[in-house]
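Asks: Same order as they appear, the protein sequences are chains B and R.
According to my numbering, the first sequence is numbered sequentially starting from 327.
According to my numbering, the second sequence is numbered sequentially starting from 11.
First, the structure itself, so that you have it in front of you.
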Amino acid sequence: MVLDLTMSMAVLALLGALATIAGCLEDLESDVGSQSNPNSQVQLAPQMGFLHRIFNKAISGEPISNGMSAVTGGVVTTVLLNAKFYPLTAIVIGAFIAAVIYGIFATTSYAGRVASQTRFKQPLYMDIMRYTTPSIIAHNFIVCFCLVSIAYIQYAVLGYPFTIPFLALIWGISVGAIGSSVGDVHYGGEREFQNREFGCGLNTALSGRIVRRAESGLRNSIDNVWFCAKFGGPATGIGLGLTVFFSSWPTTIWGYTWKAMIVGVIILAVMTIMNRLVEINVKNAYGPYKEDKEEKEAVSVAHTH
Amino acid sequence: MVLLDPTTIIDILLIGLSGTLICLAVHFIPVGGAPAAMAQATGIGTGTVELAAGSGLVGLITSSYMYAYEPSADVYLVMAAGAMGAAIMLASTMLAGGLIYAYGVAVPFASAQVKKDPITGERQDIYVSKGTQGQGIPTICFVSGVVGAALGGAGGGLIYFVLMGYYTPLITTHAAAVAGVFTMGVFYVNSVIPSYGVGGTIEGVHDPKFKRVVPKDVFTSAIVSMLCGIIAIMIAGGMT
């Protein structure tokens with residue numbers, strides 16, 4: 327252990343807080359730019375005859391695009407640190423450059439994707455590009471800032487064996503994986519299909535029939551991020567925050583021993599039980615959808631006797 | 011020939027074993043792909059590569075830190091650290107994802123592959139919503155995912171341990187960087203192989219696909235991973 331226990335816990339708490347913000351903002355960035363799996367529906371809609379005003383980015387899978395952005399920020403930060411810049415200045419400039427590069431990818435990706443849909447008459451709205459791109463850059467800047475800060479703290483304060491860009495790359499990939507698994511469900515499963523009945527899964531027949539009208543006027547990506555910021559984003563933040571905090575907490579307290587590993591197993595058991603409680607709760611609230619055939623037969627047999 | 015040295019052969023075999031472990035691990039993780047992101051299928055709403063690599067790399071961070079700061083750490087402890095990091099990442103993801111399925115999209119968790127959950131014994135088929143292939147993350151999928159992530163993290167820890175042992179005498183200061191990047195590469199290779207086998211989605215150990223595709227995928231992975239091991243040893247030829 328490099329630091330004493332109190333300081334280690336303080337640093338760990340800071341890492342957890344940074345990770346929570348990064349996770350939340352990463353998911354919101356993927357909602358405002360429409361990326362990853364739910365974007366398949368945004369892409370499909372014009373082919374089904376549903377033209378829309380939603381940004382259509384999907385640079386690549388979320389882990390890769392966020393990994394690229396974070397590693398760009400990490401490299402610039404490392405170069406500036408070698409040039410004797412203050413760490414905070416170096417991280418801010420690094421994150422800004424990475425976010426601007428990300429913005430370039432977003433615009434070319436949007437223009438390219440819409441251009442490929444010419445035959446379905448999907449227009450390329452210049453106002454959408456003008457209003458949404460700065461929002462994408464802003465969200466990505468905060469994500470990059472938090473991730474490169476985590477990498478800097480791990481490298482410079484905690485003494486991890488990997489360099490800042492490599493740590494930033496790993497956390498970029500992880501935040502993308504969590505954002506894609508958690509927050510995107512809120513965007514893809516709920517926000518895009520608010521026209522389905524609440525309390526059931528999405529019928530495959532509804533594919534491509536995304537909601538195009540907003541609370542007021544036509545829906546755009548800014549409306550989507552407003553909605554997802556209420557639940558999808560914070561839940562993603564909790565996911566990454568828990569990951570960063572609990573993956574280091576046992577070894578911080580109990581050192582590099584088997585005891586720490588056993589504590590890790592206990593954390594996993596607690597999480598499994600929590601998931602089970604959520605499962606019981608939601609099963610009681612919604613469903614079952616079909617009547618149990620065996621029970622139905624038993625009831626009918628009882629009636630005939 | 012450096013490749014015929016018994017220690018080197020053992021290293022290559024260990025890298026092959028770790029890669030195979032990662033490939034096997036991916037089959038345990040309930041990957042729902044794009045349909046799960048729209049609550050149309052059971053599992054986590056993203057792809058195999060994203061999940062396996064994302065969780066495995068968190069395991070790589072924890073195992074590398076263990077290796078760097080516990081000089082007496084044996085291979086089992088480094089593997090356990092990797093397993094713990096990866097499993098906690100995936101458990102956190104599934105827990106947060108479960109909250110979205112339950113309270114954001116509002117769907118009961120149900121597997122479409124089994125009639126009853128093997129762990130809780132609860133009926134699944136009656137909770138499958140119309141026009142879907144199940145939804146959410148039932149207990150069996152959660153447990154299967156945690157076990158899978160732990161296996162993957164342990165595999166990553168083993169590769170890192172083997173490569174650090176090999177590279178450290180050659181390039182003292184940069185050994186961690188080369189070993190880390192190479193471990194990441196092996197993760198990606200072995201996350202892609204199962205994607206072809208499972209066809210994008212698998213619910214976990216209880217899915218009939220599991221028994222069908224695991225032998226073929228594991229065999230492919232063992233060969234490919236050993237090839238990776240040979241390359242890892244060969245690139246050390248220029249390190250002096």
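We put the beta carbon where it would ideally sit given N, CA and C, even for glycine.
Note that this is a predicted model, so its numbers are computed, not measured.
1) Looking at C-beta atoms only, is the number of pairs between the stretch 73 to 92 of chain R and the stretch 161 to 169 of chain R that lie closer than 8 Å three or more?
2) Relative to the C-alpha of VAL156 (chain R), which residue among R:LYS226, R:LEU14, R:ALA101 is closest?
3) Which residues in chain B sit within 7 Å of VAL172 (chain R), going by Cβ to Cβ distance?
4) Is any beta-carbon of chain B found at less than 8 Å from that of SER102 (chain R)?
5) Measure from the alpha carbon of VAL68 (chain R) to the alpha carbon of each residue in R:THR103, R:ALA44, R:GLY43, R:LEU34, then state which is nearest.
6) Give me the Cβ distance between PRO128 (chain R) and HIS184 (chain R), rounded to the nearest whole Å; I'm assuming they're in contact under 8 Å.
7) Using 10 angstroms around the beta-carbon of ARG522 (chain B), count the other beta-carbons present and answer buried if the total reaches 16, otherwise exposed.
8) Mind reading off the beta-carbon distance from ALA688 (chain B) to ILE468 (chain B)? Whole number of angstroms is fine, and I expect it under 8 Å.
9) When you compare the CB positions of VAL608 (chain B) and PHE171 (chain R), do they come within less than 8 Å of one another, or not?
10) Below 7 Å CB to CB, which residues in the same chain sit around GLY207 (chain R) once its five sequence neighbours on both sides are set aside?
11) Take the Cβ of TRP584 (chain B) as the centre, count every other Cβ of all protein chains shown within 10 Å, and call the residue buried at 16 or more, exposed below.
12) By a C-beta neighbour count over all protein chains shown, 10 Å radius and 16 as the cutoff for buried, is ASN408 (chain B) buried or exposed?
13) With a Cβ-Cβ cutoff of 8 Å, do ILE536 (chain B) and PHE381 (chain B) count as a contact?
14) I want to verify the contact list: residues of chain B whose CB lies under 8 Å from the CB of GLN145 (chain R), in sequence order.
15) For THR444 (chain B), decide whether its Cβ has a neighbour in chain R, counting only Cβ atoms nearer than 8 Å.
16) At the level of alpha carbons, what is the spacing between VAL402 (chain B) and ILE496 (chain B)?
17) Using beta-carbon positions only, say whether ALA421 (chain B) and PHE471 (chain B) come within less than 8 Å of one another.
18) Check the Cβ-Cβ distances between TRP580 (chain B) and every residue of chain R, and say whether any is below 8 Å.
19) Verify whether the separation of the beta carbon atoms of TRP580 (chain B) and VAL570 (chain B) is less than 8 Å.
20) Is it the case that the Cβ atoms of LEU566 (chain B) and ILE504 (chain B) are separated by a distance below 8 Å?
21) Taking 8 Å as the threshold (beta carbon to beta carbon), is TYR206 (chain R) in contact with chain B?
22) Using a beta-carbon distance cut-off of less than 7 Å, what residues from the stretch 410 to 442 of chain B approach chain R?
23) Examine chain R for any beta-carbon lying closer than 8 Å to the beta-carbon of LEU377 (chain B), and answer yes or no.
24) In its own chain, which residues sit with a C-beta less than 7 Å from the C-beta of GLN480 (chain B), not counting the 5 before and 5 after it?
25) Which word fits MET452 (chain B), buried or exposed, when buried means at least 16 other C-beta atoms lie within 10 angstroms of its C-beta?
26) Kindly give me the distance between the Cβ atoms of GLY231 (chain R) and THR58 (chain R), rounded to whole angstroms, as I take these residues to be in contact under 8 Å.
27) Please list, in chain order, all residues of the same chain as ILE419 (chain B) whose beta carbon is under 7 Å from its beta carbon, the five residues on each side excluded.
28) Given 8 Å as the limit, is there contact between the stretch 139 to 158 of chain R and the stretch 44 to 51 of chain R, that is, 3 or more CB pairs closer than that?
29) Taking CB distances under 8 Å as the criterion, tell me whether LEU370 (chain B) reaches chain R.
30) Any contact of the stretch 27 to 39 of chain R with the stretch 348 to 356 of chain B, i.e. 3+ C-beta pairs under 8 Å?
31) ARG379 (chain B) bridges to which residues according to DSSP?
32) So, helix, strand or coil for VAL402 (chain B), using DSSP?
33) What separation, rounded to the nearest whole angstrom, lies between the Cα atoms of VAL511 (chain B) and ALA112 (chain R)?
34) Please classify SER82 (chain R) as buried or exposed, where buried requires at least 16 other C-beta atoms within 10 Å of its C-beta.
35) So with Cβ pairs under 8 Å, would you call ALA343 (chain B) a contact of chain R?
36) On a CA-only basis, which of B:LYS447, B:GLY438, B:SER442, B:THR444 is nearest MET455 (chain B)? Give me that one, please.
Replies: According to the structure shown:
1) Flag = yes, the stretch 73 to 92 of chain R and the stretch 161 to 169 of chain R touch.
2) Looking only at R:LYS226, R:LEU14, R:ALA101, the smallest Cα-Cα distance to VAL156 (chain R) is reached by R:ALA101.
3) Correct list: empty, because the minimum Cβ distance to chain B is about 16 Å.
4) Yes, contact with chain B.
5) The shortest CA-to-CA distance from VAL68 (chain R) to any of R:THR103, R:ALA44, R:GLY43, R:LEU34 is the one to R:THR103.
6) The pair is not a contact, with the Cβ atoms about 47 Å apart (cut-off 8 Å).
7) Under a 10 Å Cβ-count criterion, ARG522 (chain B) is classified as buried, with 16 or more other Cβ atoms of the shown protein chains found around its own Cβ.
8) There is simply no residue 688 (chain B) to check, as chain B begins at 327 and stops at 631 in what is shown.
9) No, the pair does not count as a contact, with Cβ atoms beyond the cut-off.
10) Setting aside the 5 residues that flank it on each side, GLY207 (chain R) is surrounded in the same chain by VAL223, LYS226, ASP227, each with a C-beta closer than 7 Å to its C-beta; the list follows chain order.
11) Its Cβ having fewer than 16 others within 10 Å, TRP584 (chain B) is exposed.
12) Exposed, by the Cβ-count rule.
13) A distance of 8 Å or more separates the beta carbons of ILE536 (chain B) and PHE381 (chain B).
14) Neighbours of GLN145 (chain R) in chain B, taken as residues at a C-beta separation under 8 Å, are given in chain order as GLY527.
15) No, because no Cβ of chain R sits closer than 8 Å to the Cβ of THR444 (chain B).
16) Going by the C-alpha atoms only, they are around 16 Å apart.
17) Yes. Within cutoff.
18) By this cut-off, TRP580 (chain B) is not an interface position.
19) Contact: no.
20) The Cβ atoms of LEU566 (chain B) and ILE504 (chain B) sit closer than 8 Å to each other.
21) Not closer than 8 Å to any Cβ of chain B, the Cβ of TYR206 (chain R) fails to qualify, so no.
22) Within the stretch 410 to 442 of chain B, no residue has its Cβ closer than 7 Å to any Cβ of chain R.
23) No, because no Cβ of chain R sits closer than 8 Å to the Cβ of LEU377 (chain B).
24) Closer than 7 Å at Cβ, skipping near neighbours: TYR486, LEU493.
25) Burial is judged here by how many other beta carbons sit within 10 angstroms of a residue's own beta carbon; MET452 (chain B) has fewer than 16 and is exposed.
26) Note on residue identity: the sequence assigns Ser, not Gly, to residue 231 (chain R). About 13 Å separates the beta carbon of SER231 (chain R) from that of THR58 (chain R), a gap too long to meet the 8 Å contact definition.
27) So the list reads VAL402, LEU406, once near-sequence residues are dropped.
28) Contact annotation: the stretch 139 to 158 of chain R touches the stretch 44 to 51 of chain R, with at least three C-beta pairs closer than 8 Å.
29) Nearest CB-CB separation between LEU370 (chain B) and chain R: not below the 8 Å threshold.
30) No, the stretch 27 to 39 of chain R is not in contact with the stretch 348 to 356 of chain B.
31) ARG379 (chain B) is bridged to B:ASN546.
32) Looking at VAL402 (chain B) - three-state DSSP - the assignment turns out to be helix.
33) Rounded to whole angstroms, the gap between the alpha carbons of VAL511 (chain B) and ALA112 (chain R) is 11 Å.
34) SER82 (chain R) is classed as exposed because its beta carbon has fewer than 16 other beta carbons within 10 Å across all chains shown.
35) ALA343 (chain B) is outside the set of residues whose beta carbon lies under 8 Å from a beta carbon in chain R.
36) Looking at the Cα atoms, B:GLY438 is the closest of the given residues.
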